[in-house]
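To start, the structure itself, in structure tokens.
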Amino acid sequence: MRIKREHKGMIFLVLIAIIIVAMILSVYLYMRADSIHDRLKVDPVIKSLILVEDQGDLLFAEVFLCYPESGRGALVAIPENTGGIYNSLGRIDRIDSVYKEKGLDAFKREVEKLIDMEINFTMRISLDNFQRISDLLGGLRVFIPSPIDERGDDGQIWLLPSGSVRLLGGKVRVYMTYRMEDEDDSAVRERRQVMVVALLSALKENKSVILNKNNFDEFSSCFSTNLSKKYFVEFFDIITTIDYERITQLEVTGLNQNVDGKVLLYPFRNGDFIKEVVRRAATSIISSTDMSNDRTYSIEIQNGTLVRGLAHNTQILLQGAGFDVINATNAPRDDYEETEIIDLIGNRDAAKSIGDFIRCTKITEMSVAQDGEEVDVPNYDFILILGSDFDGRWVHGQN
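Quick look at the structure:
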């Protein structure tokens, strides 16, 4: 019996479709089976998304960048109320609404758009498992400036000791969930980020114990990841080479606005600023000349103009980029035409790094006392005086 011509054509199309699907599947399986070390040959920076959940809801999220060759890393906090037009939702909303309504994959795609960087790996951990793994590790070490003895709105009691302490059991949950009446969102995010650093540090300290084949399943069961067990071991082995005492801690910064009864944080410069910050962080952990290699330099910002709030807004800008701004105040006068960086420690390279970030080239050194003259030396390294040539992001007109 002859097969009709149209049937032959249909069979041919089906065969082509099967071949295409098989090729796509093969590539997908190859990519999943590809060694993390092989991937590092193409992209040397590991980019991961760490999510902490509480009863299925997203508590907080961090983008973790690390460069195994230098042993350096960076954490970027993604505020749960980061606002934007999210394609996955088809509306303006908070980014944690994406996670709640559309799941991890959609959330990951939105974070990738936010930072303009592809994320390779994901790790989820519930608050219960965060507490569990901290107990397995013998506690997580953090520094608490002053003791906490408060009661929450629901009657829960918050008790935490001060000093350098190891948090175990319920103390871990309290540290990550309590909120003082006078605390802002940034302070809460910073505390949670500290706990992620403490966890990663503890994993590194106990690396040999965890990688023991009799123990690894117990520890790895606390995490949900897009890696197979084999490659999660490899991933774990790599991230425990990072020096967490030098890790850079950043966060998405912006302005809060009330939209339809929700407080949304809109990133500065329509999101361009955080993209720049993340690119800078990725470059700095690779670079051997970045000013953060040796230590963190402190800055005082002075407003030398009549623009109200300029020093404070610039403080947020620089802190979001990883600079240590310890004070924002007014300059002795308000008629500065040129923005200027005063170098108090004689480190022009570090001063230039600050200047490059805002396109400021005017750098002067503080005069050294002569003939036994005593001067009061500030407890910071650089003074940034904002002039009328600074528009809130860039300095204009300096060569």
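Here the sequence shown is numbered in our numbering, starting from 744 and rising by one per residue. Even glycine gets a Cβ: it sits at the ideal position worked out from N, Cα and C.
Assumed close pair residue i, residue j - CB separation to whole angstroms, cut-off 8 Å
i, j, result
"residue 1128", "residue 1045", "5 Å"
"residue 1133", "residue 1094", "Not confirmed; about 16 Å, so no contact."
"residue 1024", "residue 817", "4 Å"
"residue 793", "residue 939", "6 Å"
"residue 1047", "residue 1074", "4 Å"
"residue 893", "residue 923", "7 Å"
"residue 858", "residue 1017", "6 Å"
Which listed residue (the options) has its alpha carbon closest to that of residue i
i, options, result
"residue 980", "763, 809, 800, 794", "809"
"residue 952", "992, 879, 917", "879"
"residue 895", "1060, 853, 918", "918"
"residue 888", "882, 872, 881, 905", "905"
"residue 1136", "1019, 913, 845", "1019"
"residue 798", "1099, 869, 924", "869"
"residue 934", "803, 970, 949, 786", "803"
"residue 885", "942, 957, 762, 964", "942"
"residue 864", "1002, 1013, 982", "982"
"residue 1099", "1059, 1142, 761, 913", "1142"
"residue 914", "881, 974, 932", "881"
"residue 871", "964, 1109, 1058", "964"
"residue 787", "973, 1026, 847", "1026"
Cutoff 6 Å; reference residue i; Cβ partners in own chain excluding five residues on either side
i, result
"residue 1049", "1077"
"residue 1140", "1132"
"residue 789", "809"
"residue 992", "818, 936"
"residue 921", "901"
"residue 988", "none"
"residue 759", "none"
Strand pairing of residue i, partner residues [DSSP]
i, result
"residue 812", "BP columns for residue 812 are empty, so no partner."
"residue 901", "893"
"residue 1005", "1002"
"residue 1010", "997"
"residue 1104", "Paired residues: none, contrary to the question."
"residue 807", "791, 818"
"residue 836", "827"
"residue 1043", "1070, 1126"
"residue 865", "792"
"residue 1088", "Answer by DSSP bridge pairing: none, since residue 1088 is not bridged."
"residue 1083", "1128"
"residue 887", "906"
"residue 992", "818"
"residue 1133", "1138"
"residue 801", "796"
"residue 967", "867"
CB of residue i within 8 Å of CB of residue j, strictly
i, j, result
"residue 909", "residue 874", "no"
"residue 1042", "residue 1097", "yes"
"residue 1086", "residue 1107", "yes"
"residue 1011", "residue 867", "no"
"residue 907", "residue 994", "no"
"residue 826", "residue 834", "no"
"residue 968", "residue 811", "no"
"residue 815", "residue 986", "yes"
"residue 856", "residue 801", "no"
"residue 854", "residue 821", "yes"
"residue 903", "residue 891", "yes"
"residue 998", "residue 824", "no"
Cut-off 8 Å between Cβ atoms - residues of its own chain near residue i, not counting five sequence neighbours on either side
i, result
"residue 954", "976, 979, 980"
"residue 1117", "For residue 1117, the pLDDT reaches just 48, beneath the cut-off of 50, and the residue's location in the model is therefore unreliable, leaving the point undetermined."
"residue 1080", "1130, 1131, 1132"
"residue 1123", "1041, 1042, 1043, 1069, 1070, 1087"
"residue 862", "790, 791, 792, 806, 851, 854, 855"
"residue 832", "840, 841, 844, 845"
"residue 1014", "827, 857"
Same chain, Cβ closer than 7 Å to residue i, five either side skipped, listed in chain order
i, result
"residue 962", "876, 879, 953"
"residue 990", "816, 817, 818, 940"
"residue 1055", "1071"
"residue 1138", "1082, 1101, 1102, 1103, 1132"
"residue 959", "953, 976"
"residue 1067", "1039, 1040, 1041, 1042"
"residue 1009", "826, 997, 998, 1000"
"residue 860", "790, 1021"
"residue 1005", "837"
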